[in-house]
Every structure is written in structure tokens, then in C-alpha cells.
Amino acid sequence: MKRIQRLTPWAAGLAAAALFAVPAAASAGQQRTAAPHPAAAATPVDAYASSVDAYYAAAEGKTGAALKTALHDIIKTQSKVSYDGVWNALKVTDQDPANSNNVILVYSGRSQSKSTNGGGVNDWNREHVWAKSHGDFGTATGPGTDLHHLRPEDVTVNSTRGNKDFDKGGSPVAEAPGSFTDADSFEPRDAVKGDVARMLLYMAVRYDGGDGFADLEMNDKVNNGSAPLFGKISLLKQWNQMDPPDAFEQRRNQVIFDTYQHNRNPFIDHPEWVSSIW
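Mapping the sequence shown onto this note's numbering, position 125 (from 1) lands on 111, and the numbers just tick up by one.
#1: Suppose you measure from the CA of Y133 to the CA of L76; what does that come to, to the nearest Å?
#2: Inspect the CB distances between the region 206 to 215 and the region 231 to 241 and report whether three or more fall short of 8 Å.
#3: Could you pull out every residue in the same chain whose Cβ sits closer than 6 Å to the Cβ of G15, ignoring the five residues on either side in sequence?
#4: Under DSSP, the alpha helix (DSSP H) around H58 begins and ends at which residues?
#5: Quick one: what does DSSP say E110 is sitting in, helix, strand or coil?
#6: Buried or exposed for N251, going by 16 or more other Cβ atoms inside 10 Å?
#7: Any idea what DSSP makes of E258, helix, strand or coil?
#8: Beta-carbon within less than 7 Å of Y246's beta-carbon, same chain only, minus the 5 sequence neighbours each way: which residues are those?
#9: Does the separation of the CB atoms of I60 and Y34 fall below 8 Å?
#10: Secondary structure at V241, three-state DSSP: helix, strand or coil?
#11: Using alpha carbons as the reference points, say which of T55, F234, H120, E161 lies closest to G217.
#12: Taking the C-alpha atoms as reference points, what is the distance between D153 and P129?
#13: As a quick exercise: from S97, T79, S86, pick the residue whose alpha carbon is nearest that of N110.
#14: Considering only residues of the same chain and omitting the five flanking positions on each side of P174, which have a CB-CB separation below 6 Å?
#15: Using the rule of at least 16 other Cβ atoms within 10 Å of the residue's Cβ for burial, across every protein chain shown, is D70 buried or exposed?
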């Protein structure tokens, strides 16, 4: 049977660095393997790659729809966070690597004090990258509180983005340099275009109509409104390639796995699976 391709060297290196950023106590839910003989002890990178391989073992050798189904069955096993609990979780998952008192706002790119979360002008709040109206799940525990697509964002920018699908073009967004918007779409800054794509694709795999929620799917349109659909998949596939996972995104995935939900975003670990499924 063909083995799953391990992380590319750059991804493995970044992921290994990410592991050291996670507190040792934050290990609940992580899969474990038998300790190797001391003479052949694995390096941190090898141990990380082996752990990831083990997590996705049931997806080995699969492509297309079969891969999507296998990944759903893997990642649907998770702990859930309350909507109030999301506030504190985001202060950990999106912590500024250069300033532990701050979080990084996803579209704005601004480093902002963790304590300024709220609903006022220039506060940051909880942005649903998969807009909660697309499938009408609101803030229900499940898709409405899934940390893999919830990010800190400036209140005003969050409102400007609204529930728009993702596309290119429009007018510059105040307080979000490099982002653009028009009547029916939003374009995030280049540094998080891939992040946005992988968050949406995670949601389309994780929520398939079970759990009492809508079957979330991708399409190649904008103006999806309240339908459980998001676009544009053709552009999101391009963004996944042009902006591969970086250290911040890798660490975030690991913290969510270790500390909160105990499931992973497979497209951060294996961005090549995007083109295999879509």
C-alpha cells in the first residue's frame, strides 16, 4: 500500500519548531507510539512526522472522494469548545510569537493586546472564516465554535467582511492593509490567503451533514447567502498553492490538537490533498 507522503522538509522543520512552542502539559489527545530503542531515538522532526502519519493512517492510499470521506472520519472525533470559551482559546492559538501579550488579527495582520477583545471600535472579536450564516449554524457548539476556522479580527474589519464569499478585487479595506472587498466578496491579504483556503476546506470535510448540522460544501460562486456553500473553490485552490502553511499556522494547528479540540486540519499537514479532493 502506498504510504502517505510525509511532510516536506520545510513543513517538517516549521512543525518541529511549532512543537517546542506548545507547553509540555498541553498533550491531551495526542497519539503516542512506543518509545524507540535509545540507540535509535528519533529526532523531534522524525517524532512529529511519525505522529502525523499515525493520525492519518486510515487515509493512506486514498484519493478523491474516498480521501475526503476518510479524512472526515478521522477529524470528526474532537472535543468541543463553548462560544465563550473561544475568547480564551484564541488568546493562545493566535498569540503573537514576538509578544506573548498580543494576538495577531487574521485579515489586518495587526498585533493587538489580548485584553482588548470585545465589541467596541478597535476591539477584536471572533471572526468566523466560514461565515456562520452559510449553513445557518450560528454560534452553536460545533461549527459555530470550531477553532480551526475562528480567528481574532478587528471589529470593524469583521463587519466589513460580513458573510461574503472569497474572491479577488474590490476596494481597499480600512484597517486591513492588502485586503479588498466589493458588494459580494472579500479578498484577504496575501500572507493569509492560503490560511483562509485551508480553513474553509477543513470545514467542508469536517461537517458533512451529521451532528445535526448542514452539509458544508465548496462551490465556484459568490453570493451563496445562507446556503451551506462557500466559494470560490478555483481561487481557493490557487491560494493554497501560493501561500503554503507557515510556522504560525502549523503551531496553531498543533495547539488546537494538543490543548483544545484534539483534531487536526489535514490541509495544513498535507496541502497537496486539496488538489486530490477538489
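Ideal Cβ placement from N, Cα and C applies to all residues, glycine included.
Keep in mind it's a predicted model, so treat the numbers as computed, not measured.
Short version:
#1: Numbered from 1 along the sequence shown, position 147 holds the residue referred to as residue 133. Numbered from 1 along the sequence shown, position 90 holds the residue referred to as residue 76. The question names Tyr, but residue 133 in the sequence shown is Leu. Between L133 and L76, the C-alpha separation is close to 8 Å.
#2: When Cβ pairs closer than 8 Å are counted between the two stretches, the region 206 to 215 is seen not to touch the region 231 to 241, the count staying below three.
#3: Residue mapping note: residue 15 aligns to position 29 of the sequence shown, counting from 1. Per-residue confidence for G15 stands at a pLDDT of 32, beneath the threshold of 50, marking its modelled position as unreliable; no derived number is given.
#4: Here residue 58 corresponds to residue number 72 of the sequence shown, with the count starting at 1. Where H58 is concerned, the enclosing alpha helix (DSSP H) starts and stops at 50 to 61.
#5: Position 124 of the sequence shown, counting from 1, holds the residue named residue 110. In the sequence under discussion, the amino acid at residue 110 is Trp, which differs from the Glu named in the question. Note: W110 maps to strand in three-state DSSP.
#6: By 1-based counting over the sequence shown, the position of residue 251 is 265. N251 is classed as buried because its beta carbon has at least 16 other beta carbons within 10 Å across all chains shown.
#7: The residue you call residue 258 lines up with position 272 of the sequence shown. In the displayed model, E258 falls within coil according to three-state DSSP, outside both helix and strand.
#8: To locate residue 246, count along the sequence shown from 1; it is residue 260. Within the same chain, Cβ atoms closer than 7 Å to the Cβ of Y246 are found at S65, V67, A75, L133, the five residues on either side in sequence being excluded.
#9: Residue mapping note: residue 60 aligns to position 74 of the sequence shown, counting from 1. Residue mapping note: residue 34 aligns to position 48 of the sequence shown, counting from 1. The answer is no: Cβ separation not under 8 Å.
#10: In the sequence shown, counting from the first residue as 1, residue 241 sits at position 255. Helix.
#11: Here residue 217 is taken as the residue at index 231 of the sequence shown, counted from 1. Per the Cα distances, H120.
#12: One-based indexing of the sequence shown puts residue 153 at position 167. One-based indexing of the sequence shown puts residue 129 at position 143. Looking at the two C-alpha atoms, the distance is approximately 23 Å.
#13: Locating residue 110 in the sequence shown gives position 124, counting from the first residue. Sequence check: residue 110 is Trp here, not Asn. If we check each option's Cα against that of W110, S97 comes out closest.
#14: Within the sequence shown, residue 174 is the residue found at index 188, counting from 1. Within the same chain, Cβ atoms closer than 6 Å to the Cβ of P174 are found at Y93, S165, V182, the five residues on either side in sequence being excluded.
#15: For the purposes of this step, residue 70 is taken as the residue at position 84 of the sequence shown. With fewer than 16 other beta carbons inside 10 angstroms of its own, D70 counts as exposed.
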